[in-house]
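Take a look at the structure below.
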Amino acid sequence: MEEEEDEVEEGAPAWMATFADLATLLLTFFVLLLSFANMDVQNFRSALGSVREALGVQFEHPGDRLGLTTSIVELSKRESTDKLNEVEIQLADLIRKFVKKQNMADKVDVEVGNRGIIVRVKEFVLFNSGEAELRHEATKPLQAIATLCKELELPVWIEGHTDNSPISTVRFPSNWELSAARAVATLKFLSAQGGIDRAALSVAGYAETHPIAPNDTAEGRARNRRVEFLFVRPPEQSVQQFQEFEAKKERLRRLLEEHNGPIKEAEPPKPAESPEAPKPEDQAPAPSAAKKGPIF
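Under the numbering used here, the first residue of the sequence shown is numbered 121, with each subsequent residue one higher.
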């Protein structure tokens, strides 16, 4: 008798093997993601170093390269900013010398701030106490400011400031209205009489919120009552802007020489005022400058 052969059951389809491999790979992938999510950076670096030593492989670090590139860019920006700051200091020095030669040193202050060059005019030069109408004596200093605006070609913020003495009138209920009205009156003069484009001018009134001296003395309050002209520094520093600032400095230097004779650039004030300084620089302006008259 012939023995009956046992029937062998067929196994799983071939695609099941591929599917199982795929499922295993997915599981491994998610486990790997979970391990990275809870990774100890120090341990990972140690493990990476061990692998590198064992295999003799040097891994690149894109992050390090990016950091180096960023450092170079930051260094370039820092150098450009330093150069512009240096030119701003020289510009402020030229303006300061001009103010001194016009006997306005006790009325006008010039300094370099975080936002640009500040020309600070004390209240009594432009306005009477508690008023926002420009005095007749304000014409000459404001014409000088207009000339600077034309030469520097920078946006100008006109900022009004007061002391902490309260004011309460129909027109000026508080120092906010007074400081803002003074800034607006100054802007209108620069636009109408000085020929400055209003698009280059902005106004702000800060009342007593930005003091530069304590308000507990009469002298301090007098310093706080002021109008500031901020020649705004460009938001982005570049080589082109540095060259433009250099050109502005040269134009301003020539302007000051026309009205005041030769001016030594970026020198400390003491050597210029010492007895050993050349006499022509300590004398009055040349006759040709006197014909034009002072800017202030």
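Even for Gly, the Cβ is constructed at its ideal location relative to N, Cα and C.
Rounded C-beta distance between residue i and residue j? I'm assuming under 8 angstroms.
| i | j | result |
| --- | --- | --- |
| L272 | K203 | Actually they do not touch by this definition, with Cβ atoms about 17 angstroms apart. |
| S421 | A327 | Here the chain covers residues 121 to 416 and nothing more, so residue 421 does not appear. |
| E208 | R353 | 7 angstroms |
| A212 | V232 | 5 angstroms |
| L375 | T306 | With a Cβ gap of about 21 angstroms, L375 and T306 do not count as contacting. |
| A266 | I316 | 6 angstroms |
| N248 | N284 | Rounded, the Cβ-Cβ distance is 19 angstroms, inconsistent with contact. |
| V261 | V228 | Checking the sequence shown, residue 261 turns out to be Pro, not Val. Yes, P261 and V228 are in contact; Cβ-Cβ is about 7 angstroms, under 8 angstroms. |
| G280 | V347 | 6 angstroms |
Check this for me: beta carbons of residue i and residue j, under 7 angstroms apart or not?
| i | j | result |
| --- | --- | --- |
| R345 | E243 | yes |
| D230 | V239 | The sequence given here places Val at residue 230; Asp does not occur at that position. In this structure, V239 lies closer than 7 angstroms to V230 by Cβ. |
| T282 | L298 | yes |
| A303 | I278 | yes |
| L350 | G236 | yes |
| R343 | A333 | yes |
| L310 | L214 | no |
I'd like the span of the beta strand (DSSP E) that includes residue i, first residue to last.
| i | result |
| --- | --- |
| K270 | No beta strand (DSSP E) contains K270, which is instead part of the alpha helix (DSSP H) from 259–272. |
| I278 | 276–281 |
Over what stretch of residues does the alpha helix (DSSP H) that includes residue i continue unbroken?
| i | result |
| --- | --- |
| G340 | 338–344 |
| R302 | 295–312 |
| L246 | 243–246 |
Under three-state DSSP, which class holds residue i?
| i | result |
| --- | --- |
| I287 | coil |
| M136 | helix |
| F292 | coil |
| S191 | With a pLDDT of 48 at S191, under the threshold of 50, the predicted position of this residue should be treated as unreliable, though the coordinate-derived value follows. Residue state, collapsed to three classes: helix. |
| R235 | coil |
| A324 | strand |
| D202 | helix |
| D141 | helix |
| L348 | Before going on, a small fix: residue 348 reads as Glu here, not Leu. It is a strand residue. |
| L186 | The predicted position of L186 is uncertain, since its pLDDT is 43 and thus under 50; a value taken from the coordinates is nonetheless stated next. It is helical. |
| D229 | strand |
| I316 | coil |
| R255 | coil |
| R216 | helix |
| R240 | strand |
| M155 | Correcting the residue identity first, residue 155 is Ser in this sequence and not Met. Helix at S155. |
| A333 | coil |
| R353 | coil |
| Q210 | helix |
| P398 | Confidence at P398 is low in this model, with a pLDDT of 43, below 50, so its placement is unreliable and the value that follows should be read with caution. Three-state result, P398: coil. |
| Q403 | Interpretation of Q403 is limited by its pLDDT of 42, a score under 50 that renders its predicted location unreliable; no figure is taken from the coordinates. |
Looking at chain D, is there any beta carbon in it that lies within less than 7 angstroms of the beta carbon of residue i?
| i | result |
| --- | --- |
| L262 | Protein chains in the displayed structure number just one, and chain D is not present. |
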